[in-house]
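Here full-length UniProt numbering is used: position 719 in the sequence shown is 719, and no number is missing along the way.
Just so it is clear, CB atoms sit at the ideal spot from N, CA and C, and this is done for glycine as well.
For clarity, every value in this text was computed on a predicted model and none was experimentally measured.
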Amino acid sequence: MTSNISYLPDYAALKKLASALWQQDNSYHGAAVMIGAGFSRSAASTGDANKKLPLWNDFSNILAKELGSDSTDPLRLAEEYCAYFGRQALHDLIRKKINDAAWVPGELYKSLLGLPWSEVLTTNWDTLLERSSIEVHQPIYNIVSKQADLSKTRSPRIVKLHGTIDVTKDLIFTQEDYRKYPQDHAAFVNFSRQVFIENELCLLGFSGDDPNFLQWTGWVRDHLATHSRRIYLVGALGLNSAKRKYLESINVAPIDLGDLVTDHDEPDTRHFKAIEIFLQSLQDLKPQQDWEWNPTQQQRSEEILTNKARSPQDFDYAAKLLEEKLPFLEKDRTSYPGWLVCPYQKRFQLQSQISNPWPNPKNLSAMEENNRAKLLYEIYWIHSLTFEVIQPWLIPELLAVCTADKPSILNQRQRLEIALLLLKNTRWIDSPEAESIAQKASVILDKGQRHWQEISDELAYHNAILARDRFDYVEVEKNLEKIISDKPIWKLKKASLLAELGQFKKGEVLVSEAYRKLLAQYRNDRNSIHVLSNLAWAHWLMRGIDFSVFSNELSAFPSNYRDRRCDPWDHIENARDRISKQLEKQKKQQAIEPSFKPGRYKDNSNTASFSNELHPLLLLEGISNTVGMPLRWNNINFLVDHAARLAELDDIDNAHRFALAIRSANSDTSDVLKKVFSRIGIACLPESDVAFLLKQCTQAINYWVEKRTEKSGETGHYAIDRLRVFIEVLARISVRATPKQAKNIFRLSVSLGKNSRLHHVWLFSAIKNMMDFSIESIPESQHHEILLEALSFPLQTETSIEHHERWANPIIRFPGERRQNASLDHRIDEIIDRITPCSPQSSPALLRLLPLIEKGFLNKTEMEKISENVWGHNPDFKTLPETGLLKHVLLEIPAQDSNAVKVLVRHHLFEAKDSTLFNREILAAIANAAQVDNIKEFPSNNQSLNYFEKLVAWRPPANDKKSIIFSIQEERQTAELIGEVLARSVVPAMPSEALTEENFQKLCTFYSEVEIPEILIAFPYFASENKACFEPTQKLIRQGLQSNDANKLAYASYALLTWRTLKESPVIENLVLRLIYLVGSNRMVGLPALLWTANQMHNRQYLTSESVESLIEILPVIFDNTEYKNISLLSRESISVSFVRAACVRLAKDIMRKGKDQNSELIRILKEARKDTLPEVRFAETRTPA
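Printed below as a string of structure tokens:
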């Protein structure tokens, strides 16, 4: 007896059957099995342990006894029994002896049906197979009881060739049944013929003398001859040499398991054990699929455990251990299935595969030279799959092994592969080192091109990616042309670069070609994971690019992509999860974690954490660049969300953050731009990054302007998307520009506006921002240098653009002195000509001219022409002309009769009817007329009283639910304007006798019900004239100063300034001290307004010397605490921090101007402010307040 099945003579046949069953060879359809009575006898059970299902000889004995015959031929006996007693009697006998309902299928049935048989055939009459199949869920079998069922079912099937008790009319048993079987059951015969031709056939539960065995093997031999595949007879057969030779002669390969079960003396037990061993052997012979590849996990050997006391400095011992790993590492590499992107679980395992000991320079130096080279190549291979950054100490080692002049164990291709990885790795290391390594690696690769044809493609692709990330699209185009490989993966990579350039049609052709080529390769090699993996990515790209283009070719995403771990979605979701976890970790580290104990907390910002997981930036870049997947294809997002969220991580260097943000943004309003290029974020950038963005964004804008000008197709449309992003980024970064750079940016924005090919609504906002933000970085004293460019920017009426509020209208408020300039004269004249009587479209032209009018820049002729264009040739001054501006502005515009204009404007502003008074334009004009320095128009006493009664009676109207969302905002705007009108115009104009307690209460009621803080400025007028209003006013202002609402606090401080201007008293002085205390508390809420108010009080000499000293002490503290690096980019403080710093500068300047002593700290503030990274602070000392 043998206990090891592999020692059996028939083990080779068993392996051959297993190979067919598991379909290791594409030439096989698989293996089918035919189940005989012996299987049911062994595998089924009933309540009576002594009972067994009958075999053929059992039926022969029963039939012979009833017939009184000496015959042993079961088929002849059955025929005689049928003739004597009738067929029904024969069927009744079968039903009685088998008693199908009493038998239960055992575990062997599940083991059998759990195997991937192409078909299961049976000559048994019982239903044990059918019943057992219900419990088997993989594979799922269809039942064929009758011939008609064949056309309604699909493989795999359980086919009842000889009928089923209580299901079919006939049961095949007699000689006549077998003789007429080909005619009566032609469908079964044809089906069987096909099964036998296509599959290896396993006979299980038959003996060599079994009538069914003899009949079916004979039929196969007679009808299929050489067309059938081999038939395997399996069981505890106990064959002698003669019997074995006979079976082999009839194309039956016996798999005799008798020697394995000789220790069992009971025949049924032997057969049971033999079947059990056979089925288990088939499972054991299931080949490991390529996609089940796993890297060898190096366990700590006994030698390591027994020598753990050895010094960690024993480098020879460490080298020996590393050398022992080489065979396993090489085996893993050579058996790698070829996934284009290694599954993330495998990558994680590979990351720590070479450990215990970890390689280091001293360990490597102790290794034999060839072994060291081999290990370094295995390290390279692992890094190429895991996307890890090469550790600094490893770079010289890898460089050395791929630059060696003498012969090496590594071939030229292997050395070049290492050099290429080193070149790619330079993206993740500091520039000085990167340049040196890149140069050395490039030299190696250039010299080795004859040893590896794709080197030129790899170099071009690498350089294109570098150019892509620095927005050098001209360089991307140049390198794109150098990629000439016809391999599908290079078509995908090339297409991804074309997507960056907006050349989608060309890219679609390449992706389509790659997909078709890979499809053909997969058709010829369905076992190749490498081909399937490439195909899966190409398929994914095609489905995303444009369904309409490929709708006739694309099928549903096949399940075998996921089964074989080739599904791109798995990698994309893994990258998304990694980014989410990293962001969550970052958020947690930035947070304070309160303890349950009062007064205690944990500051997570001081917590260090370590992880051996790959950084998500390396993961995303590794996947996208390996596959050739763009972030976006036209309007289809592939990895846009990944990149945008990745850009939020603090531990990413700015160069890659900029690339991710700009590449993922598709408009100037994209959230990622707002986050990465926030004002405070830009203020914190080092000068090198600012210089990089200024240069590269300008270069990119010029490139895309050219593309937009040249082409009107898809690239032209894509150019608009790219332009709106780059223009917005340059606009934002221009706040860091020098005056010279800012002027150039402004001039660039003017040239963009003049280009009619760029008159696209999507560009208006970005160009406007570019103008506005660049002007901020130009000192007022130099604004005259860009005056002509600003005036030359086309008015909207000079273009074909319909009215659009975002069309830029650059206004220069400090034009300087008028000098002789014909171009300037001509342009001013053109702008004046764009003013037409009673036209709201005159507003842009007037807005440009108003500062020139105010500064006396225009000559008499120009002023007269403006007057004539606004009012007409012979105005009667009975109606106000429509200019598109608020009506109070007419007081600033030249007119033939300024007094008549003033009367007309005042009537419009202060004699408004009830129906028009609450028009927001009128309210805004009234408020502005009272505040503009060169206008200062207030209502008369009677007019103010009339307006007061009407305005304080206003309340928001009741809204229906449908309009509530829109009306709330409008009502709020109206309420704020009413508050401004009351505080700035109406109440200051009211006569003293009208400032009564009654009117004060009306104002208080309005304030409490409408809750508009602007009203606070009106209360001091009552308090200064009426003692009864004094205490309530003090209370309202004190409450406002204590508010956490920045707006309310600001207006409370303005109200206090107004009160101190109107009156002087100890109560007011106490409130002033309160305000100075609030400034000293260094609380950010409302601090810009508090500093402005303190500045005004200082300039008007309302402050005591002690208060001034307090301000001198606190200003440096506030200024230092508001350094941009101390402010969270997403905090509320980031909104106003630059205003706080600017207010500190202005106050410091004024204190220094009026003070006798020069305070060193205030001098420091002014000195540092001049170099501040934001213009509102940089020019705060010299800029005219708005």
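Nearest-angstrom Cβ-Cβ length linking residue i and residue j, presumed shorter than 8 Å
i, j, result
"L121", "V136", "Not really, about 17 Å apart at Cβ, beyond 8 Å."
"D256", "D10", "6 Å"
"N251", "A31", "Contact doesn't hold; Cβ gap of about 15 Å is too wide."
"E892", "N934", "7 Å"
"L730", "I745", "6 Å"
"L445", "L466", "Their Cβ separation, rounded to whole angstroms, is 15 Å, which puts L445 and L466 out of contact at 8 Å."
"A1028", "L1041", "Contact flag wrong, Cβ pair sits at about 22 Å."
"Q175", "R76", "6 Å"
"R1038", "Q973", "Contact flag wrong, Cβ pair sits at about 28 Å."
Buried versus exposed call for residue i [16 or more other C-beta atoms within 10 Å across all chains shown]
i, result
"I140", "exposed"
"S365", "exposed"
"G469", "In the sequence on display, residue 469 carries Asp and not Gly. Flag for D469 reads buried."
"S281", "buried"
"G681", "buried"
"T334", "exposed"
"K493", "buried"
"Y84", "exposed"
"I529", "buried"
"F596", "Low local confidence applies: a pLDDT of 48 at F596 is under 50, so the model's placement there is unreliable, with the coordinate-based value given in what follows. Its Cβ having fewer than 16 others within 10 Å, F596 is exposed."
"A102", "exposed"
"I965", "Since pLDDT at I965 reaches only 49, below the 50 mark, its modelled position is unreliable, and no value is offered."
"S627", "According to the sequence shown, residue 627 is Val rather than Ser. Buried, because 16 or more other Cβ atoms sit within 10 Å of the Cβ of V627."
"K962", "For K962, the pLDDT reaches just 46, beneath the cut-off of 50, and the residue's location in the model is therefore unreliable, although a value from the coordinates is still provided. Label assigned to K962: exposed."
"D170", "exposed"
Range of the contiguous beta strand (DSSP E) that encloses residue i
i, result
"K1063", "Counting along the chain, K1063 falls outside any beta strand (DSSP E), and DSSP gives it neither H nor E."
"C202", "E200 to L204"
"Y1124", "No beta strand (DSSP E) holds Y1124; DSSP gives it neither H nor E."
"I254", "In the sequence as presented, Ile is not what sits at residue 254; that position holds Pro. Taken as a continuous stretch (DSSP letters only), the beta strand (DSSP E) holding P254 covers V252 to D256."
"residue 1197", "Within the shown structure, residues of the chain are numbered from 1 to 1186, placing residue 1197 beyond reach of any answer."
"I98", "Where I98 is concerned, there is no enclosing beta strand (DSSP E), although the alpha helix (DSSP H) it sits in stretches over R87 to I98."
"residue 1189", "Nothing about residue 1189 can be read from this structure; the chain reaches only from 1 to 1186."
Bridge partner(s) assigned by DSSP for residue i
i, result
"N142", "R157"
"A822", "A822 pairs with nothing; no bridge assigned."
"W633", "I636"
"A44", "P105"
Cut-off 7 Å between Cβ atoms - residues of its own chain near residue i, not counting five sequence neighbours on either side
i, result
"W540", "P568"
"F39", "L204, G205 and I275"
"A464", "V476, N479, L480 and L497"
"Q412", "G448 and H451"
Residues near residue i by beta carbon distance below 8 Å, same chain, minus five either side
i, result
"T306", "Reliability of the predicted coordinates at T306 is poor, the pLDDT of 47 falling under 50, and the value obtained from them is presented with this limitation in mind. Taken in chain order, the list of residues that qualify is empty."
"S548", "In this prediction, S548 scores a pLDDT of 44, lower than 50, which makes its location untrustworthy; no coordinate-derived value is stated."
Range covered by the alpha helix (DSSP H) that runs through residue i
i, result
"A683", "R679 to A683"
"residue 1202", "The structure shown has nothing for residue 1202, since the chain only spans 1 to 1186."
"L233", "Not the alpha helix (DSSP H): L233 falls in the beta strand (DSSP E), residues I231 to G235."
"residue 1194", "There is simply no residue 1194 to check, as the chain begins at 1 and stops at 1186 in what is shown."
"K493", "P488 to E500"
"L535", "I529 to I545"
"L372", "Contrary to the premise, residue 372 reads as Arg rather than Leu in this sequence. E369 to T386 is the extent of the alpha helix (DSSP H) around R372."
"G872", "Careful: G872 lies outside any alpha helix (DSSP H) and carries neither H nor E."
"G1040", "F1030 to L1041"
"K56", "It is Trp, not Lys, that sits at residue 56 in the sequence shown. Where W56 is concerned, the enclosing alpha helix (DSSP H) stretches over W56 to L67."
"P432", "S431 to K447"
"A13", "Y11 to L21"
Nonlocal neighbours in the same chain, by C-beta distance under 6 Å from residue i, ignoring five residues either side
i, result
"P894", "M863, I866 and S867"
"A309", "Because the pLDDT of A309 is 47, which lies under 50, any placement of that residue in the model is unreliable, and the number read from its coordinates should be weighed accordingly. For A309, where only same-chain residues beyond five positions count, there are no Cβ hits under 6 Å."
"L203", "M34 and L233"
Residue i Cβ short of 7 Å to the ligand ADP heavy atom set
i, result
"E1168", "The ligand ADP is absent from the structure shown, which contains no ligand whatsoever."
Cutoff 8 Å: residue i Cβ touching any chain C Cβ
i, result
"A44", "The structure shown contains no chain C; it is built from a single protein chain."
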